[in-house]
Amino acid sequence: MTTDARALAIDAYNKAQDLLYSDRSPEQDTELLTLAFVSKHFWKQAGGNMQFAISDWLISRVFGELGFADLAVEFAVASLAYEDKNFPYWTKASLCEGAARAFKNIGMDEECSRHIELAKEYLAFEESSADAAVIADQLKDL
């Protein structure tokens, strides 16, 4: 089951990512939220702390995109609560970017700025310029 759960988690995550960054109908909004939770469900069976954190990041982004700012903050904060000593720097930066975005949506500008700065600090240590560039582009939106 672990291999199947992993494949299902990845598939749901990738489909959610595709929908997240596209123009969607209301039905696709529902599908997006469903896929985010499906991914989290299967990662709970086959993943570890990094996958759990990324799942919460995705759910936060989806809730933020759909206008549920309080839930976006709840999942963004949850994404930061996992033990992260083995996370790549780009992952740590991405989680901070998600938190910054969620805090911005509820008007907590100081927390938003603090998480943007944390993300930039993590990116300074990222060895992969391609991975760092993806997160840096997301930070520009803020």
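Basically the numbering used here = 1-based index in the sequence shown + 1118.
Yeah, the Cβ is synthetic: ideal placement off N, Cα and C, and Gly gets one too.
Report, in whole angstroms, the separation of the C-beta atoms of residue i and residue j, which I expect to be a contact under 8 Å.
i	j	result
residue 1194	residue 1217	4 Å
residue 1207	residue 1244	4 Å
residue 1169	residue 1175	At roughly 10 Å, the Cβ-Cβ gap does not stay under 8 Å, so residue 1169 and residue 1175 are not in contact.
Between the C-alpha atoms of residue i and residue j, what's the straight-line distance to the nearest angstrom?
i	j	result
residue 1198	residue 1214	8 Å
residue 1241	residue 1228	20 Å
residue 1212	residue 1167	15 Å
residue 1150	residue 1128	14 Å
residue 1143	residue 1233	31 Å
residue 1152	residue 1158	10 Å
residue 1185	residue 1136	19 Å
What are the boundary residues of the alpha helix (DSSP H) that includes residue i?
i	result
residue 1162	1144-1164
residue 1170	1167-1183
residue 1234	1227-1243
residue 1137	1120-1138
residue 1246	Element bounds for residue 1246: n/a, residue is neither H nor E.
residue 1223	1207-1223
residue 1198	First-last for residue 1198: undefined, no H or E at that position.
Could you tell me whether the segment 1182-1192 touches the segment 1219-1239, where touching means 3 or more Cβ pairs closer than 8 Å?
yes
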